[in-house]
Structures are given as structure tokens and as C-alpha cells.
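Structure first, commentary second.
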Amino acid sequence: MSADRSFDDLLAEGEAVPTAGWDFSWFEGRATEERPSWGYAGIAAERIAAADSVLDIQTGGAEVFAGALSRAGARSGRIPATVWATEGYPPNVALARERLELFRGEVVQVAEDAPLPFAGERFHLALSRHPQSTDWAEVARVLHSGGTFLTQQVAAGSNRELYEFFLGPQPDDENTSRSLENLVAGARAAGLRVVDALHESTKVEFFDVAAVVYFLRKVLWTVPDFTVERYRDRLAAVHTRIQATGSFVSHSERALIEARRP
């Protein structure tokens with residue numbers, strides 16, 4: 003769709019797209035990402051339908067959480083009596099409050115690395131999709147005995163092809179805290195019983211450089227110091243590759259952990 007667009011025009015477009023929330027609909031026709039086979043949102047809806055109280059940790063704009071609540075309501079004819087979410091980024095907090103109002107949900111602004119602002123054993127179910135970090139002990143603390151934590155994590159090495167294109171080769175053991183083995187170990191160290199642990203690598207494909215710019219602005223931890231000005235030369239190389247081959251291909255790494263507090 004952008005073969006006749008200039009490199010500078012595409013850069014400007016990628017820089018102009020608002021980054022608040024986790025709505026990725028702008029990428030339609032410009033980038034694709036395969037989804038893990040397990041279907042996180044569907045599993046979350048099943049767990050919500052059986053819960054009386056639920057917390058979504060680092061909810062973003064609550065796009066996925068609200069969708070799971072809606073599916074749970076359609077499935078069971080009810081929603082949990084207690085619905086809470088946490089989020090650290092102020093523009094996302096406003097979006098999340100708007101989306102969760104329909105479900106009588108509350109959103110509290112709290113930094114990603116801060117303790118959860120809830121009493122112990124408050125929730126039957128905790129969810130977290132693509133958190134920046136996970137404090138397993140805090141999750142265990144706020145769960146009732148027998149409560150469930152369901153999380154889909156961005157696993158170690160996610161989009162390595164993309165970030166190494168910009169940053170150069172990175173250590174093979176970088177970010178090992180996000181390996182499936184270490185995620186499971188973190189859950190168990192907090193006293194949680196892991197009942198499911200899955201990992202998949204899924205294809206990501208960018209069809210123009212504007213999509214790459216927007217992705218790197220939105221998913222900040224991929225290339226932490228990214229700006230268009232700083233990486234203009236590498237973006238030009240991405241543009242050239244896409245023109246020559248039709249796309250830039252990378253692979254996301256995803257892990258699903260379901261754990262229960264004894």
C-alpha cells in the first residue's frame with residue numbers, strides 16, 4: 003500500500019500516530035502478528051466467568067481485559083462483583099477507566115514496579131497480559147487461597163531480529179528472567195503452584211517502515227533509546243529491505259503461565 007510513498011513521508015506518518023493504549027488496529031494492512039495457539043483472551047474469559055473478584059495487572063487501556071469481561075458475561079450471564087485493574091501510564095489509565103465503567107470496574111494508577119495497592123487475599127483471579135515485569139510474590143499475596151493467576155508474557159528474545167537490526171548482536175542470555183523456565187521458577191518461588199506453562203514463537207511481519215516506527219515508539223522496550231532521528235540510517239535500511247523483499251520479518255516469543263495459590 004505504500005510502495006509509492008517516500009521514505010520521509012513514511013517516517014513522518016509513523017511518528018504522528020498516537021501511542022496511548024494497546025489498540026493495534028492502525029497496523030491493519032501494514033503489519034501482521036500471528037497469535038499463540040492457546041488464545042489468551044478466551045482462557046481469560048473462561049476464568050472470569052467463574053470468579054467473584056478479578057484484578058487485571060498492567061491493563062494498558064483495558065482493551066483485552068474489557069473484551070474478556072464481555073465474553074465472560076455473554077458466556078455466564080454475569081460478571082464478577084469486584085473488578086479492578088492497575089496501570090502505570092496516565093493516558094492509558096483514562097482509557098481503561100472509560101472501558102471498564104460498563105463492568106463497574108475500578109482502575110488504580112500505580113507504577114509497574116510498585117507493590118499492588120490491595121489487601122492480602124483480595125481476589126479470586128488475577129490476570130496480566132504482557133506486563134513489563136511481574137512481582138510474583140505480590141500476585142500471590144493478593145490472591146485468595148485457591149485463587150488463580152493467568153498471565154501471557156513477552157518471553158525472552160521476543161523480536162530479536164528487529165532489535166538486533168537496530169542494536170547489533172545481543173548476548174544470547176539477555177533478559178533470561180523472561181525465559182519460560184525462569185518465569186515458572188519465579189511463580190514457584192512465590193509459593194504458587196504452576197498448573198500450565200506454554201511457549202510459542204510467532205511470526206511478525208512489517209510491510210512498511212512507518213509500521214516499524216510506530217511499533218518501536220509504542221513497544222518502548224524493544225529498542226529502549228529509539229528515536230527516528232537517532233536511528234534514521236537503520237530505518238533507511240529497513241525501508242530498502244521492505245522495498246526489495248516485500249516485508250521485514252521478525253518473531254515474537256510468548257509464554258503462558260497459569261498458577262494457583264495453594
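Residue numbers for the sequence shown follow my numbering, beginning at 3 and rising by one.
All residues carry an ideal CB built from backbone N, CA and C; glycine is no exception.
For residue i, the first and last residue of its enclosing alpha helix (DSSP H)
{"i": "Trp138", "result": "138-144"}
{"i": "Phe9", "result": "9-18"}
{"i": "Ser135", "result": "Where Ser135 is concerned, there is no enclosing alpha helix (DSSP H), given that its DSSP letter is neither H nor E."}
{"i": "Arg49", "result": "42-51"}
{"i": "Arg162", "result": "162-169"}
Under the three-state DSSP convention, the category residue i falls into
{"i": "Trp86", "result": "strand"}
{"i": "Arg263", "result": "coil"}
{"i": "Gly193", "result": "coil"}
{"i": "Asp210", "result": "coil"}
{"i": "Ser203", "result": "strand"}
{"i": "Arg37", "result": "coil"}
{"i": "Gln245", "result": "helix"}
{"i": "Val95", "result": "helix"}
{"i": "Glu100", "result": "helix"}
{"i": "Ala76", "result": "helix"}
{"i": "Asp235", "result": "helix"}
{"i": "Thr150", "result": "strand"}
{"i": "Arg180", "result": "helix"}
{"i": "Leu258", "result": "strand"}
{"i": "Phe217", "result": "helix"}
{"i": "Phe2", "result": "Beyond the ends of the chain as shown, which are 3 and 264, falls residue 2; an answer cannot be given."}
{"i": "Phe250", "result": "strand"}
{"i": "Ala121", "result": "coil"}
Pair within 9 Å by beta-carbon distance, residue i and residue j
{"i": "Phe168", "j": "Val225", "result": "yes"}
{"i": "Ala212", "j": "Arg7", "result": "yes"}
{"i": "Leu182", "j": "Val214", "result": "no"}
{"i": "Arg256", "j": "Gln134", "result": "no"}
{"i": "Phe9", "j": "Leu237", "result": "yes"}
{"i": "Leu104", "j": "Leu57", "result": "no"}
{"i": "Arg219", "j": "Gly16", "result": "yes"}
{"i": "Arg73", "j": "Ala98", "result": "no"}
{"i": "Ser67", "j": "Ala96", "result": "Strictly speaking, residue 67 in this sequence is Phe, with Ser absent from that position. It is not a contact, given that the beta carbons lie outside the stated cut-off."}
{"i": "Ala33", "j": "Val221", "result": "no"}
{"i": "Arg180", "j": "Gln172", "result": "no"}
{"i": "Ala70", "j": "Leu12", "result": "no"}
Alpha carbon of residue i to alpha carbon of residue j, nearest angstrom
{"i": "Ser160", "j": "Glu36", "result": "13 Å"}
{"i": "Ala22", "j": "Asn94", "result": "6 Å"}
{"i": "Asp54", "j": "Ala191", "result": "26 Å"}
{"i": "Glu166", "j": "Ser254", "result": "13 Å"}
{"i": "Pro82", "j": "Val197", "result": "23 Å"}
{"i": "Val112", "j": "Ala87", "result": "10 Å"}
{"i": "Tyr91", "j": "Gln60", "result": "9 Å"}
{"i": "Met3", "j": "His146", "result": "With a pLDDT of only 45 at Met3, under the threshold of 50, the placement of this residue in the model should not be trusted; the figure read from the coordinates follows. Using only the alpha carbons, I get a separation of about 51 Å."}
{"i": "Ala274", "j": "Ala116", "result": "This structure gives no information on residue 274, because the portion of the chain shown stretches from 3 to 264."}
{"i": "Asp235", "j": "Thr229", "result": "11 Å"}
{"i": "Asn184", "j": "Thr178", "result": "7 Å"}
{"i": "Ala158", "j": "His241", "result": "26 Å"}
{"i": "Trp223", "j": "Ser249", "result": "22 Å"}
{"i": "Pro20", "j": "Pro264", "result": "43 Å"}
{"i": "Arg131", "j": "His201", "result": "14 Å"}
{"i": "Gly170", "j": "Ala18", "result": "27 Å"}
{"i": "Val109", "j": "Gln245", "result": "44 Å"}
{"i": "Pro38", "j": "Ala199", "result": "13 Å"}
{"i": "Ala121", "j": "Glu89", "result": "17 Å"}
{"i": "Phe209", "j": "Val186", "result": "35 Å"}
{"i": "Ala281", "j": "Asp174", "result": "Since the displayed the chain opens at 3 and closes at 264, residue 281 lies outside it and no answer follows."}
First and last residue of the uninterrupted beta strand (DSSP E) at residue i
{"i": "Ser55", "result": "55-58"}
{"i": "Gln111", "result": "108-111"}
{"i": "Ser130", "result": "125-131"}
Expected contact under 8 Å - CB spacing of residue i and residue j to nearest Å
{"i": "Trp28", "j": "Tyr216", "result": "7 Å"}
{"i": "Ile63", "j": "Arg101", "result": "Rather than Ile, the amino acid found at residue 63 in this sequence is Gly. Right, their Cβ atoms sit about 7 Å apart."}
{"i": "Leu127", "j": "Arg195", "result": "No, Leu127 and Arg195 are not in contact; Cβ-Cβ is about 15 Å, not under 8 Å."}
{"i": "Glu260", "j": "Leu152", "result": "5 Å"}
{"i": "Gly107", "j": "Arg262", "result": "In fact, because the Cβ distance is near 23 Å, the residues do not count as touching under 8 Å."}
{"i": "Arg124", "j": "Val144", "result": "5 Å"}
{"i": "Gly79", "j": "Trp138", "result": "Their Cβ separation, rounded to whole angstroms, is 33 Å, which puts Gly79 and Trp138 out of contact at 8 Å."}
Min CB distance residue i to chain E below 9 Å
{"i": "Asp137", "result": "No chain E appears in this structure, which consists of one protein chain only."}
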